[in-house]
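For reference, the structure is listed below as structure tokens.
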Amino acid sequence: MENGGDIFLKSLEKRIIGIYAGKSPLTGKIGLEIDGEDTPLGICTSSGTVGHSLSFGKADAVVALSKSATLADAAATAIGNLILQPDDIPSGIEFAQGIEGLKGLLIIKDDKIGLWGKVKICQTS
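Numbered per the numbering used here, the sequence shown spans residues 1222 to 1346.
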């Protein structure tokens, strides 16, 4: 995924979604494991360090999951705007917990990662 990496996934099988987080050492090493029974699912990414989109934050990747791809996109952007340094990850997660309809969240800043909700990560390399 990359900044603006928005996916609406419907699958009968398990799928692995790779995560691109710019210069973070986690880029290309982890992915999201999505079970077919958890779809359809919106999986949307926002970044303050990758891509051309405007972001007020500095997160390398914020990935939000929701049955609504529109909600996941908006949540990823809003939460990404809150992340300026790794110490901001817990406040981003706390904010996410208040968003009705959000199923899960992954935040990467530098070599730090935060997870909340129904998120299963796996090694990709």
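C-beta: ideal position from N, C-alpha, C; glycine also.
Computed from a predicted structure; not experimentally measured.
Excluding its 5 nearest sequence neighbours in each direction, P1246 has C-beta neighbours in its own chain below 7 Å: D1332, listed in chain order. Going by DSSP, I1310 is part of the alpha helix (DSSP H) stretching over 1310-1318. Classified as exposed, K1231 has fewer than 16 neighbouring CB atoms from the shown chains inside 10 Å of its CB. Uninterrupted beta strand (DSSP E) stretches at least 3 residues long and entirely within the stretch 1224-1296 occur at 1227-1230, 1236-1239, 1251-1255, 1262-1267, 1282-1287, given in chain order. Here the stretch 1249-1266 makes contact with the stretch 1334-1346; the two share three or more CB pairs at distances below 8 Å.
Here G1301 carries a helix assignment [DSSP, helix/strand/coil].
The continuous beta strand (DSSP E) containing K1333 extends over residues 1333-1338. Linking C1265 to G1249 through their CA atoms gives a straight-line distance of about 17 Å. G1319 counts as exposed, since fewer than 16 other C-beta atoms from the protein chains shown sit within 10 angstroms of its C-beta. Taking a C-beta distance under 8 Å as the contact criterion, I1304 and A1280 qualify as a contact pair.
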